[in-house]
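> The opening position of the sequence shown corresponds to residue 769 in the numbering used here, with each subsequent residue numbered one higher.
We put the CB at the ideal spot given by N, CA and C, even for glycine.
Every value quoted in this text rests on a predicted model; they were computed, and no experiment measured them.
Here it is, the structure in full.
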Amino acid sequence: MNKRESIGIFDSGIGGVTVLKEILKILPNENYIYYSDSKNNPYGDKTDKEIINICDKIVKKFIEQKCKAIVIACNTASAKAAKILRTRYPEEIIIAIEPAYKMVHDYEYEKETLIMATKGTIESEKFYKLYKKYDNHKTQILACKGLADIIEEGNKEKIQIYLQRNLSKYGGTIKNVVLGCTHYPLIKKEIQEVLGNVKFFNGANSLAKHLKDILKEKNLINDSEKNGKINFIDSSNSQYKKQRFYKYLEKLVI
């Protein structure tokens, strides 16, 4: 892989595969380096300083590998570190995922909404400003502590128990669900089994479009007619994570 042509993507685990899926739909010819930081998972329970230091090290690695763009595919990392990273590395293209609450405001404003996100995302200043700006006054916020970890683990029984315990009270009333963590789109089916036929919103599609626009503006689009390559790296060298990543990627891309 020509690393000078790569796009670096990172998350606290394999959840960012849901973001990569959307990017691949419109940028299939690019090469990607996906960094799964399972060694430091979860980000949501860490202090701002810890998250910033972790993200800074990852971004430096991508810069050393001469990535032409860096994607923060983690809502917590985006909320806590994106602004600082852009200030530290002004020459780099740094694109960050955001909770898609604005989409509810634009398209489904009158409906009861549930925002599911990590504690770190919900407590961030960035999220607070977003929520206050687009509040439809019919929204409830749920800090899903530990859910990303269970999804990362891949234990279906634990996921079902968690969702029943934490989402049952919203069943029958909630119509919109904002998935404020990149892991959560992996369990949309399981969430619907508890809440019913809800409409999901997440920021991956908007991020992908924004990334393409920036690359096009800077004349950095790979015009090859061949599909690019995806290099997966896990910070704890987990073969299990690697296998699950490519399994999810195959399911999502088809």
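Between Ile982, Lys956 and Ile838, which lies nearest to Leu853 when the distance is taken from Cα to Cα?
Answer by Cα proximity: Ile838.
> How many Å lie between Asp1002 and Ile826 at the Cα?
The alpha-carbon atoms of Asp1002 and Ile826 are separated by roughly 12 Å.
> To the nearest angstrom, report how far apart Gly776 and Thr881 are at their CA atoms.
Cα to Cα, the separation comes out at about 33 Å.
> Roughly how many whole angstroms lie between the Cα atoms of Val945 and Thr886?
If I take the Cα positions, the gap works out to 14 Å.
> Indicate the three-state DSSP secondary structure (helix, strand or coil) for Asp1002 in the structure shown.
Residue state, collapsed to three classes: strand.
> Cα separation between Ala864 and Gly964?
Taking the straight line joining both Cα atoms gives about 30 Å.
> Beta-carbon within less than 8 Å of Gly939's beta-carbon, same chain only, minus the 5 sequence neighbours each way: which residues are those?
Answer for Gly939: Val962, Leu963 and Gly964, listed in chain order.
> Tell me, to the nearest whole angstrom, how far the beta carbon of Ala841 is from that of Thr950; I am working on the premise that it is less than 8 Å.
About 5 Å separates the two Cβ atoms, so the contact holds.
> Given this structure, state the Cα-to-Cα distance separating Ile883 from Val872, to the nearest angstrom.
Approximately 10 Å, taken between the alpha carbons.
> Leaving out five residues on either side along the sequence, give the residues of the same chain with a beta carbon under 6 Å from the beta carbon of Thr815.
Nothing listed; no residue qualifies.
> According to DSSP, simplified to helix, strand and coil, what is Leu979?
Helix, per DSSP.
> Using only the alpha-carbon positions, how far apart do Lys836 and Ser774 sit?
Rounded to whole angstroms, Lys836 to Ser774 spans 6 Å at the Cα level.
> In the DSSP assignment, find the alpha helix (DSSP H) that holds Ala868 and state where it starts and stops.
Neither: Ala868 is in no alpha helix (DSSP H) and is coded neither H nor E.
> Would DSSP call Thr950 helix, strand or coil?
Thr950 falls in the coil class under three-state DSSP.
> Provide the residue span of the alpha helix (DSSP H) that contains Val1034, from first to last.
Outside the shown range of the chain, which is 769 to 1022, sits residue 1034, and nothing can be said about it.
> Which residue marks the beginning of the beta strand (DSSP E) containing Leu910, and which one marks its end?
Per DSSP, Leu910 belongs to the beta strand (DSSP E) from Thr907 to Ala911.
> Buried or exposed, going by whether 16 or more other CB atoms sit within 10 Å of the CB of Ile811?
Correcting the residue type first, residue 811 is Tyr in the shown sequence and not Ile. Buried, by the Cβ-count rule.
> Tell me which residues share the same chain as Asn808 and place their Cβ nearer than 6 Å to its Cβ, disregarding the 5 neighbours each side in the sequence.
Correct list, in chain order: Ile822.
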